[in-house]
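Numbering (our numbering), first residue to last: 4 to 183. Working notes, structure below.
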Amino acid sequence: MITKPKVYECFSSAKKDEEKRKKHKGLLFVGKDDKNAEEYVQKAKTNLGICDLYKKQRLDYKIPEEWFYTMYYCGLAILAKFDVESRSQKCTALFLRHVKDKALIEYDDEFIDRIMVYKEKEEETDVDEREKARYGSAVQSEEIMQKYEFMMGVCKRCISACEEIVFSGQKFEVPKELLS
Numbered sequence: 004m005i006t007k008p009k010v011y012e013c014f015s016s017a018k019k020d021e022e023k024r025k026k027h028k029g030l031l032f033v034g035k036d037d038k039n040a041e042e043y044v045q046k047a048k049t050n051l052g053i054c055d056l057y058k059k060q061r062l063d064y065k066i067p068e069e070w071f072y073t074m075y076y077c078g079l080a081i082l083a084k085f086d087v088e089s090r091s092q093k094c095t096a097l098f099l100r101h102v103k104d105k106a107l108i109e110y111d112d113e114f115i116d117r118i119m120v121y122k123e124k125e126e127e128t129d130v131d132e133r134e135k136a137r138y139g140s141a142v143q144s145e146e147i148m149q150k151y152e153f154m155m156g157v158c159k160r161c162i163s164a165c166e167e168i169v170f171s172g173q174k175f176e177v178p179k180e181l182l183s
């Protein structure tokens, strides 16, 4: 499994940082808190609602950021069900991919792919779309408006899939191979 060493490194580096009393940039085991997962779901829904406000004001450049963070908060909600805290977009996506590949969750690859961070220029995700809109000079964008309904649909499906996991009543445990 390709993601195992990368996810393990996310846990390992975070643990080392914590031991050195530094802020970690990885994945850390935390106490059980279903409320935290539920709050992330609510935050994702709130975030998605902000898109309509930005659209009405034609603050188009802000919308891709809200789409991205809507899906990212869903990812954080799922990690919270595994008692895992993340301070890394890349580690969040890697953990989701790992537990999905191990059939511990049913979650669409598209949602994971959209929040994945890549260093290679030819591999673009919604992270790059967010950065392009956020750091570009334009306030309004016809390209963003053309994909508005499509992306709102993607985000709604992502929230729905996340809710199925978070509110399933199922107990989730981090795979043993990541614990050693």
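We put the CB at the ideal spot given by N, CA and C, even for glycine. What you are looking at is a predicted structure, and each value in this text was computed from that prediction instead of being measured.
Buried or exposed (CB count within 10 angstroms, at least 16 for buried), residue i
{"i": "Arg208", "result": "Residue coverage of the chain in this structure runs from 4 to 183, which leaves residue 208 outside it and unanswerable."}
{"i": "Gly29", "result": "buried"}
Residue i - DSSP class collapsed to helix/strand/coil
{"i": "Val87", "result": "strand"}
{"i": "Phe175", "result": "coil"}
{"i": "Leu31", "result": "strand"}
{"i": "Phe14", "result": "helix"}
{"i": "Tyr57", "result": "helix"}
{"i": "Gly139", "result": "coil"}
{"i": "Arg133", "result": "helix"}
Proximal residues to residue i (C-beta, below 6 Å), its chain only, five neighbours per side dropped
{"i": "Phe153", "result": "none"}
{"i": "Ala96", "result": "Ile115, Ile118, Met119"}
{"i": "Glu113", "result": "none"}
Close beta carbons around residue i, own chain, < 8 Å, minus the five adjacent residues each side
{"i": "Tyr64", "result": "Ala136, Arg137, Gly139, Ala141, Val142, Gln143, Ser144, Ile147"}
Among the options, the one whose alpha carbon lies nearest that of residue i
{"i": "Leu79", "options": "Cys94, Asp111, Ser15, Arg61", "result": "Cys94"}
{"i": "Lys179", "options": "Glu132, Phe85, Glu22", "result": "Phe85"}
{"i": "Thr73", "options": "Glu88, Tyr43, Phe98, Lys105", "result": "Tyr43"}
{"i": "Arg61", "options": "Asp104, Tyr76, Gln149, Lys105", "result": "Gln149"}
Contacts around residue i, its chain only, beta-carbon distance under 7 Å, and the 5 residues preceding and following it disregarded
{"i": "Leu181", "result": "Val10, Tyr11, Phe14"}
{"i": "Cys158", "result": "Leu51, Trp70, Thr73, Met74"}
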